[in-house]
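Enquirer: This is the structure, below, for whatever I ask next.
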Amino acid sequence: MSTKDFVEKDYYKVLGVQKDATEAEIKKAYRKLAREFHPDANKGDASAEARFKEISEANDILGDAKKRKEYDEARALFGNGGFRPGPGGAGGSFNFDLGDLFGGQQPGGAAGGFGGGLGDVFGGLFNRGAGAGAGTRTQPRRGQDIESEVTLSFTEAVDGATVPLRMSSQAPCKACSGTGDKNGTPRVCPTCVGTGQVSRGSGGGFSLTDPCADCKGRGLIAETPCEVCKGSGRARSSRTMQVRIPAGVSNGQRIRLRGKGAPGERGGPAGDLYVVVHVDSHPVFGRKDDNLTVTVPVTFAEAALGADIKVPTLNGPSVTLKLPPGTPNGRTMRARGKGAVRKDGTRGDLLVTVEVAVPTELSDKAREALEMYREATESEDPRTVLFESAKGA
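Quick note: the sequence shown uses my numbering, first residue 66, plus one each step.
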């Protein structure tokens, strides 16, 4: 969750309780809404699933006394008067990013990391640091998120696949062990005293923090800069990892793999890996949500008289479908359980569309039979209703 969402979302409104609600009232409201919007009770309802996630998120914050206290303090400071982020606001608003105030946290960081971020906000805004001893501690830094792409065959997308991905990202420099110093002995930055941040006044008794320009936010300065990373402590690194793509993935889907991105600094968590999936087409089968599709040609006689027809399935034995007499061209039938894999492990269906095949060449015997059929049905005109409807319109 981003720090901006943490401040701006009204979790009390989500649960339908007052801001002074007791712990028991919050628990009761959560249980009632969770039963109502639980995915098991609303299968296939995406809006109910989103509402359930929102309710769970609200309960996670308001149901924890410490998180609730931090949430209330943050909203009181940023969301309810005082000053509000954004350009052009009234009442002396400032133009800044909440992500800068919250200790440089990025969206997608480790869950439950609100405490440290808020402490940095309050300490920096009112210029009351934790003392010189605490000020010399360099802060952990989360690794960057990485985005990659992979192309799967139609079958791999339906059944799932493990694919190798070669990724390039910033990682601790191996030449200097991430110190940035050729000899591995960097010194603490005298400007920020190792914090990686400096305060600047913004008027009204407030001070905001910026990354230190001298050490570029690292808190350390290399006496003898490493020739590989030029003193940054980070270098380009390539690695290959095996990534499991879940069954039933669709074309264009973006998959998030937590903690599989670039390594963090100074004990910080790794970033996330986002994989964008591209799916090749199949010469026979198509895809419609969790269902597969296939068009099967049939003869006029099979459509008119009815027949048992064999239909291919993806990576499995064929199935036999009963074609009822008088089946029109374009009718779709269903072979249950022969489609794509769903999230719960079950399979969708195979949707079979009938296409009456018109022969381009006829044998003498076939032509004679069709001529006899035409004579037998000469009095029937399928376009009669069409003309009558056109006149009456």
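In this text, a Cβ means the ideal position worked out from N, Cα and C, and glycines have one as well.
Following a CB-centred definition, is A130 positioned closer than 8 Å to any heavy atom of the ligand HEM?
Expert: The ligand HEM is absent from the structure shown, which contains no ligand whatsoever.
Enquirer: Identify every run of the alpha helix (DSSP H) within the segment 86-154, keeping only runs that are complete inside it and at least 4 residues long; order them along the chain.
Expert: Counting whole runs of 4 or more residues, the segment 86-154 contains the alpha helix (DSSP H) stretches 88-102, 111-127 and 130-139.
Enquirer: Under the three-state reduction of DSSP, which class applies to V450: helix, strand or coil?
Expert: In the structure shown, V450 sits in a helix (DSSP, three-state: H, G or I).
Enquirer: Check for me: the beta strand (DSSP E) holding V215 runs from which residue to which?
Expert: V215 -> beta strand (DSSP E) spans I211 to L217.
Enquirer: Could you give the residue range of the alpha helix (DSSP H) that holds K430?
Expert: Segment D429 to A441, the alpha helix (DSSP H) holding K430.
Enquirer: Restricting to runs no shorter than 4 residues, where is the alpha helix (DSSP H) found entirely within the segment 341-421?
Expert: Runs of the alpha helix (DSSP H) inside the segment 341-421: 365-370.
Enquirer: For the beta strand (DSSP E) that contains V79, what are its first and last residues?
Expert: Taken as a continuous stretch (DSSP letters only), V79 belongs to no beta strand (DSSP E), being part of the alpha helix (DSSP H) at Y76 to L80.
Enquirer: Give the secondary structure of E221 by DSSP, where H, G and I count as helix, E and B as strand, and everything else as coil.
Expert: Correct three-state label for E221: helix.
Enquirer: What does the alpha-carbon distance come out to for the pair A111 and V79?
Expert: Those two C-alpha atoms are separated by around 17 Å.
Enquirer: Helix, strand or coil, according to DSSP, for A176 in the structure here?
Expert: Any reading at A176 needs caution, since the residue's pLDDT is 38, under 50, leaving its predicted position unreliable; the model's value is listed next. A176 falls in the coil class under three-state DSSP.
Enquirer: Whole angstroms are fine: how far does the CA of I120 sit from the CA of G144?
Expert: Because G144 sits at a pLDDT of 49, beneath the cut-off of 50, its placement in the model cannot be relied upon, and the following sentence gives the value as read from the coordinates. When rounded, the distance between both Cα atoms is 21 Å.
Enquirer: Tell me the DSSP secondary structure of E73 in three-state form.
Expert: Of the three classes helix, strand and coil, the one that applies to E73 here is helix, per DSSP.
Enquirer: Suppose the cutoff is 6 Å on Cβ atoms and the five residues either side in sequence are ignored; what does the same chain contact list for K403 look like?
Expert: So the list reads T378 and L415, once near-sequence residues are dropped.
Enquirer: Around the C-beta of N394, are 16 or more other C-beta atoms found within 10 angstroms, so that it is buried, or is it exposed?
Expert: The residue is exposed, with fewer than 16 neighbouring Cβ atoms inside 10 Å.
Enquirer: When the Cα atoms are used, what is the spatial distance from E73 to Y136?
Expert: Cα-Cα distance, rounded: 10 Å.
Enquirer: By Cβ distance below 7 Å, which residues in the same chain neighbour T289 in space, the five residues on each side in sequence not counted?
Expert: Same-chain partners within the cutoff: D246, K247 and N248.
Enquirer: Across the segment 214-227 and the segment 337-350, are there enough close Cβ pairs to call them in contact, namely three or more that are closer than 8 Å?
Expert: Because the criterion of three Cβ pairs below 8 Å is met, the segment 214-227 and the segment 337-350 touch.
Enquirer: From the DSSP output, read off the bridge partner residues of E330.
Expert: According to DSSP, E330 bridges with R206.
Enquirer: What residues are listed by DSSP as bridge partners for S233?
Expert: S233 pairs with S303.
Enquirer: From S303, E367 and K387, pick the residue whose C-alpha is nearest to that of S213; which is it?
Expert: Nearest C-alpha to S213: S303.
Enquirer: Leaving out the 5 sequence neighbours to the left and right, which residues in its chain are closer than 7 Å to D275 when beta-carbon positions are compared?
Expert: Same-chain partners within the cutoff: Q262, V263 and R265.
Enquirer: Using only alpha-carbon positions, find the residue among V314, G410, S454 and L357 that is nearest to T227.
Expert: When only C-alpha atoms are compared, the closest one is V314.
Enquirer: Skipping 5 residues on each side, what residues in its chain have a beta carbon closer than 8 Å to that of D337?
Expert: The residues are G173, D210, I211, R321, L322, R323, G324, K325 and G326.
Enquirer: Would T358 pass as a contact of R352 if the rule is Cβ separation under 9 Å?
Expert: Yes.
Enquirer: G298: which of P390, T256 and C241 sits nearest, CA to CA?
Expert: Comparing Cα positions, the closest option is C241.
Enquirer: Does the distance from the CB of E367 to the CB of L386 come in under 9 Å?
Expert: Not closer than 9 Å, so no.
Enquirer: Using alpha carbons as the reference points, say which of A94, K93, A115 and K92 lies closest to H103.
Expert: Among A94, K93, A115 and K92, the Cα nearest to that of H103 is on A115.
Enquirer: To the nearest angstrom, report how far apart N380 and F350 are at their CA atoms.
Expert: Computed Cα separation, rounded: 11 Å.
Enquirer: Since R323 is in the beta strand (DSSP E), which residue starts that stretch and which ends it?
Expert: Per DSSP, R323 belongs to no beta strand (DSSP E) and is neither H nor E.
Enquirer: Count the other C-beta atoms from every protein chain shown that fall within 10 angstroms of the C-beta of F452, then say buried if there are 16 or more, exposed otherwise.
Expert: Per the 10 Å Cβ criterion, exposed.
Enquirer: Using only alpha-carbon positions, find the residue among D75, L230, V376 and E420 that is nearest to F365.
Expert: Nearest C-alpha to F365: E420.
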